[in-house]
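Read top to bottom, the protein sequences are chains A, B, C and D. Residue numbering for the first sequence follows my numbering, beginning at 1340 and increasing consecutively. Residue numbering for the second sequence follows my numbering, beginning at 1340 and increasing consecutively. Residue numbering for the third sequence follows my numbering, beginning at 1340 and increasing consecutively. Residue numbering for the fourth sequence follows my numbering, beginning at 1340 and increasing consecutively.
Protein chains: 4
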Amino acid sequence: MTMDLGMSERVRPLVEKVRKMVREEILPADEEYHSLVGADGDRFQFTARQTEIRESLKAKAKAQGLWNFWLTDSERGFGLSTVEYAYLAEEMGWCMLAPEVFNCSAPDTGNMEVIERYGTAEHKEKWLKPLLDGEIRSAFLMTEPDVASSDATNLEFSAVKDGDEWVFNGEKYWSSGAGDPRCEVYVLMARTAPRDGDVPRHSQHSMFLIPADLPGVEILRPMTVFGHDDAPHGHMHIRFTNVRVPADSLLIGEGRGFEVSQGRLGPGRIHHCMRSVGQAERALELMCKRALNRTAFGRPLAKLGANYDIIAECRIAIEQARLLCLKAAWMMDQGDARAAAPWISQIKVAAPNMALKVIDEAMQMHGGTGVSQDTPLAAMYAGMRTLRFADGPDAVHRMQVARKELKAYTNTKV
Amino acid sequence: MTMDLGMSERVRPLVEKVRKMVREEILPADEEYHSLVGADGDRFQFTARQTEIRESLKAKAKAQGLWNFWLTDSERGFGLSTVEYAYLAEEMGWCMLAPEVFNCSAPDTGNMEVIERYGTAEHKEKWLKPLLDGEIRSAFLMTEPDVASSDATNLEFSAVKDGDEWVFNGEKYWSSGAGDPRCEVYVLMARTAPRDGDVPRHSQHSMFLIPADLPGVEILRPMTVFGHDDAPHGHMHIRFTNVRVPADSLLIGEGRGFEVSQGRLGPGRIHHCMRSVGQAERALELMCKRALNRTAFGRPLAKLGANYDIIAECRIAIEQARLLCLKAAWMMDQGDARAAAPWISQIKVAAPNMALKVIDEAMQMHGGTGVSQDTPLAAMYAGMRTLRFADGPDAVHRMQVARKELKAYTNTKV
Amino acid sequence: MTMDLGMSERVRPLVEKVRKMVREEILPADEEYHSLVGADGDRFQFTARQTEIRESLKAKAKAQGLWNFWLTDSERGFGLSTVEYAYLAEEMGWCMLAPEVFNCSAPDTGNMEVIERYGTAEHKEKWLKPLLDGEIRSAFLMTEPDVASSDATNLEFSAVKDGDEWVFNGEKYWSSGAGDPRCEVYVLMARTAPRDGDVPRHSQHSMFLIPADLPGVEILRPMTVFGHDDAPHGHMHIRFTNVRVPADSLLIGEGRGFEVSQGRLGPGRIHHCMRSVGQAERALELMCKRALNRTAFGRPLAKLGANYDIIAECRIAIEQARLLCLKAAWMMDQGDARAAAPWISQIKVAAPNMALKVIDEAMQMHGGTGVSQDTPLAAMYAGMRTLRFADGPDAVHRMQVARKELKAYTNTKV
Amino acid sequence: MTMDLGMSERVRPLVEKVRKMVREEILPADEEYHSLVGADGDRFQFTARQTEIRESLKAKAKAQGLWNFWLTDSERGFGLSTVEYAYLAEEMGWCMLAPEVFNCSAPDTGNMEVIERYGTAEHKEKWLKPLLDGEIRSAFLMTEPDVASSDATNLEFSAVKDGDEWVFNGEKYWSSGAGDPRCEVYVLMARTAPRDGDVPRHSQHSMFLIPADLPGVEILRPMTVFGHDDAPHGHMHIRFTNVRVPADSLLIGEGRGFEVSQGRLGPGRIHHCMRSVGQAERALELMCKRALNRTAFGRPLAKLGANYDIIAECRIAIEQARLLCLKAAWMMDQGDARAAAPWISQIKVAAPNMALKVIDEAMQMHGGTGVSQDTPLAAMYAGMRTLRFADGPDAVHRMQVARKELKAYTNTKV
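As structure tokens, then:
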């Protein structure tokens, strides 16, 4: 059986176009775009100039057909494989703004997949269409402040059936994207059966699709990441008080929340990881340039001490993580999600840790400049650091990998 | 020869008082204090409430004699040894605001030492006295944006003699504390001999003591650390254009800048390192509490996976770094700065790296909360990360340690 | 309270004499001594020349009073503190043969302590006296092949009371020293109560003192360490079949085996750790000399790549481990074994891992020579590697450290 | 362009046959085979039983056509690609004896490639044929005891033209395979131009093909690896005194030694690395089985402490190294050796370090048993440790990787 991890003929020109646009147009615009956050007073609104920057880039991308690449294995769009998409995700990872320019940004891609797979025709018309068109944005509400959400069976946010409606009460936080003024729809996981009743642990939760602006929904605050509020995207802390939604907000069926969330998270994790590889490549490029252009003790930094070794170790680490990510993507493309899962867990541990190491070394090569606003490295580090718990902390993924490994040698549960 | 690294009878009650005040009064006030930054519009001014919080704490500390501990080996104050002071520094490390409350904060302590040792009577009257009283603050201007300042012979900021005056031109950045509206005095290192002339490389620079508000001095911006501007303390980027200062601004003599800077940095590095140990202790406490109070997969986090091992490794790392720091302090107390230097380099590498590791593990134990505003961990991490280059990057300190090691086996320069 | 970790005036001349004798006499003799193993055909006998080398060194040491230093806090001998002894142990760690030359070698020191503390007058006359005189040697029989002996409650070797005698059945392995033809006495831990009966888990085992040459005792084979049999010392695998010993072989009382073994292991672990520090120092010396004396790409190895950083990191790691070891020794000297225990666990993890790292880097600096017979490094590595499980594997010691840490924050058992 | 790293349809049945034979026949025979070393007195001869074991396995392999797989891209044999061969090398890596059974063992494969590519018809008839048939063995003589051979321009072993002959003088060591009584031919690198003359540094050495039994050749001793002499294969230290060989012993031309050695080492490094992956897989299997079958503190080891995390990290590390190795093999298959070189350097660093880590963790999971003769782990570790300098130490390969990386950003030599 072939295991082609290369860049296909089909995707190569797309990768080249995306790379060119990211480096020549989006990266230069990104700085101005982010510098304007809050310029009109409200960090969670856009200035006219921001909208202009972003929408003109999006229009340009769309016009070239560089749009919705993430629709893998789909009749719509390019029908790329996950491996093919992975190469694009790496390029988009170079720049914070890039994924949105190509309508490939989290959490929208995962949410769109959910609606496509589990939504009704009405859901699709109302939300999938404008999402696919880049007109609105969405958020995924899962993590809760008061429980260890890494074990999602702990989630306590409650949805109670009341006649034809569901009534929501509880708090969610780290709802990434919910700060964006364009965010119109939430995918939300809620407890629909009590913890200690007869319902099995993995059937006590359900997934809902609801509008973002319901009465009783209160955005308490943005969570910060190393002090960054990531406005206006945001990672919001939201309280629901007696929020009522119609019965058809429930996706596929009561108690099937885990089914939806598992399906949702697999590809998203691979995208995150390939963007991490892109970030690491960018950090390594910055590191090498600094090493060559800065002189101390009479020699370029590159020639001092362990710097060759550091650069080499970064290169080796990046290549290994990229290949593992491509392998996980390839496993995904084989169509057996259960078989792919431990590979996704592997890369979910490996890629962010690798990228953190590379970014950290790049910071160190820059001295104080490395942690300052004069390079993107500190912001990259902060964002990357969250990936070690977002979509499951390292420890949980390692547990999955070890279980799979040990299962080969035993019949009993491990 | 005894090598007493213990807490002396003399310092023990001081440590206990400081610990009590830090944990019971300063830590609770710290949050409000920092939340008020910029509340009146200008991040580099204090609100009345901030001033009230800080000054009442300072008054309280002063009233108890908990003041200026850093005056080691001095007739003034307690005359503590460096080892004794180290125990106090650890306690003050628990909280950002604490060192200032006891008038023991960087960069003032180092600057006061410089003025005490090298200043004229007039300098002392004008600046040392109000610094010792906690009435004004100071900054140290060394690092420059355009050269690898880790090799300080690279510094290009220029001071040219013109009659009875010196004329300054150039830029400095990472001037920590220069943002504080109370900052009235700068200690500044400048090039007073050309790079390629006859003057030896380590005699081309001189140290100056100057007022902060001279004409031609322009504060360009605060440098940020992982996005934090650390207002109103700040790490300022400053431009000097034809700034004129009188001849008596020069400390001890032309070309003796390295002599002053070396004397200044030794104790400061130990203080930084012991505060790092305090930070690590605080992070470990937060980690342990989280591990006990949070439940996943039916058990407290403490009992899951590698968490026992992680906690143990953190404890082992902290103890080793603390002991090495105390040993370096003890070497300092023996009076031979040359012999102490490699020990200071050792701990300057070991302590911040240890603290980063502990803080990082504490973040991971907290999940998303760990990088957010809901714990102090992310801010601690950001601050600690700068210590891997402030006062010399790891690589330079390792080079010093290795040189000392190899010198034992060779007569030739290594 | 003082915490003097320095070399006392009392011990300094001893350290100097030991150092001189180790480096000038024992190290040079060691190579010949070990090269003669098996020269007469039987690896578990000594050649006449070996006996001559060893006994003349011992006689010389004894004549100078350099003997039985390990008798800490004792009226006999020097009455050294554990801290003082630690400095001597470090020196003796430089050379495999050295500890025996000064009658300070494992497992004899621990066994002598057991006999002194728990033995009868007759035991002392028969075995302690010749052990103290260096006339016979001993072994400690604890670990068993068929159970995870890291949890000593698992031990299954059985001792059954039969009239006035005990009857032993079972196997022990890793009985270090049992291969030495001079080994005359065993300290042995056996199960005296069934696993599933009423007796508490930590009272099911007892400690015995027995002659080495009883009928029914069969030495099956030496265990090897990376292929080394460590002859004639050996780490023997021994089978007992219906071996009968008199009732007075039982030490202090039935079911008190854990009490004895815990008392025995504490100081022994510190000795091991300080010898590890000595080994690391020797490895670092070899590394530095090689780095200076070997040239590649036109420069001494020291100047290539990361070698400065590697040397510095080794130095920093050694100093930290030494200080932690001295601190653990100091805790021991305070007389509260329970309080000292987690410190001993800390250093038991830290020191061997540190030494392995240093030795490994020294090997790498030597290239192929580093793993060959032309340096002592590979043998040092092999021996050191066993310390990560001997006297408790890393994981068990980390568990102890974490338990202690967490206990501070909870009332419930962790 | 496709980058198929999968197991091809062509090679899959070969892999399955090799795997079956390795696990069912060779592994069980290996223990007896190695236990017989020296049974007849001379460790560098074979016993009749050893010959029987080995030759019957070889005959069986040959009969099935499982032979000379390494002949990649060749008309002879299977004409496998390097990627295809890599999968076979992994399987053969499980067992020391396996590569020879399939006539794929080092250093013969590399030497055969040299003869095929650079040898005369006579060379091929005399030596290549019996090597391909598994009738004789060979050695590669490069490393020298007195110079840092990692920089091969240092080599001093001298070949001087004297009429129609070359005269050799000097010493070689780490000549792996030269101890085998069947070793009949040496590939040898010698200095043929003086260090300080006009000849460029990389043209001062030449490669020779000579019989193993010439007058003046003296085998001084086997080098040991962690005490193992690897008899009868051996890593011999050899002295040449006025050894005369005919002119046609010189391969391709005077001063072209580096050309030959570079061509020789590329594939060999990949083979080593894939065997390392096989060793790591075997170690992980042993680790998992032990983790499940051994109980401490009332639970299988697998469920204690960090063991899940350790197992997962090993799995993640293995997968990444395997993929990187396959990528390097694939680069090799693209036919541009220069482009493939940095990939080979990458995997040469990554694979042995990965395997050492996995084997070390497997040892730790086994406690004392892990370093003893009761598992193959210690021998595996010892062998693997040499790979961090054999065919170039880590530092040299990292230097190559960094150079390649930096070259992208500069026109000047780095």
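We treat Cβ as the ideally placed atom computed from N, Cα and C, and that holds for glycine. Computed from a predicted structure; not experimentally measured.
Closer than 6 Å by C-beta to residue i: which residues in its own chain qualify, once you throw out the five before and the five after it? Chain order, please.
i: D/A1428; result: H1610, M1613, R1614
i: B/L1604; result: D1730
i: D/I1686; result: C1612, L1663, C1664, A1667
State the Cα-Cα distance for the pair residue i and residue j, rounded to the nearest angstrom.
i: B/Y1372; j: B/T1390; result: 9 Å
i: B/E1523; j: A/P1561; result: 37 Å
i: B/Q1294; j: B/R1530; result: Only positions 1340 to 1753 of chain B appear in this structure, which leaves residue 1294 of chain B out of reach.
i: B/M1723; j: C/V1526; result: 51 Å
i: C/L1436; j: C/E1363; result: 13 Å
i: B/G1573; j: B/M1546; result: 22 Å
i: C/V1538; j: C/L1590; result: 18 Å
i: A/C1443; j: A/W1406; result: 7 Å
i: B/P1438; j: B/G1594; result: 33 Å
So for residue i, helix, strand or coil by DSSP?
i: D/I1475; result: coil
i: A/C1434; result: coil
i: A/Y1372; result: helix
i: A/E1593; result: coil
i: B/A1630; result: helix
i: D/W1409; result: coil
Note the first and the last residue of the continuous alpha helix (DSSP H) segment covering residue i.
i: B/N1692; result: 1676 to 1705
i: A/D1442; result: A small correction: the amino acid at residue 1442 of chain A is Asn; Asp does not occupy that position in the sequence shown. Note, A/N1442: premise wrong, no alpha helix (DSSP H); not H, not E.
i: B/K1642; result: Careful: B/K1642 lies outside any alpha helix (DSSP H) and carries neither H nor E.
i: A/I1392; result: 1387 to 1402
i: A/G1509; result: Note, A/G1509: premise wrong, no alpha helix (DSSP H); beta strand (DSSP E) at 1504 to 1515.
i: C/P1352; result: 1351 to 1360
Decide if residue i is buried, meaning its Cβ has at least 16 other Cβ atoms within 10 Å, or exposed.
i: B/R1388; result: exposed
i: D/G1607; result: buried
i: A/V1499; result: exposed
i: B/K1359; result: exposed
i: A/D1675; result: exposed
i: D/S1600; result: buried
i: D/P1715; result: buried
i: A/G1449; result: buried
i: B/R1629; result: buried
i: C/S1374; result: exposed
Taking 7 Å as the limit between beta carbons, can you name the residues of its chain near residue i, skipping five residues before and five after?
i: D/G1377; result: A1570
Note the first and the last residue of the continuous beta strand (DSSP E) segment covering residue i.
i: C/D1283; result: Look at the range of chain C in this structure, 1340 to 1753, and you will see that residue 1283 of chain C is not part of it.
i: C/V1523; result: Strictly speaking, residue 1523 of chain C in this sequence is Glu, with Val absent from that position. Unbroken beta strand (DSSP E) run through C/E1523: 1522 to 1530.
Considering only residues of the same chain and omitting the five flanking positions on each side of residue i, which have a CB-CB separation below 8 Å?
i: A/I1577; result: L1480, E1510, K1511, Y1512, S1514, A1517, V1556, E1557, I1558, L1559
i: C/W1466; result: I1454, G1458, I1475, S1477, E1523, V1524, L1548
i: B/G1617; result: A1428, E1429, E1430, M1431, G1432, W1433
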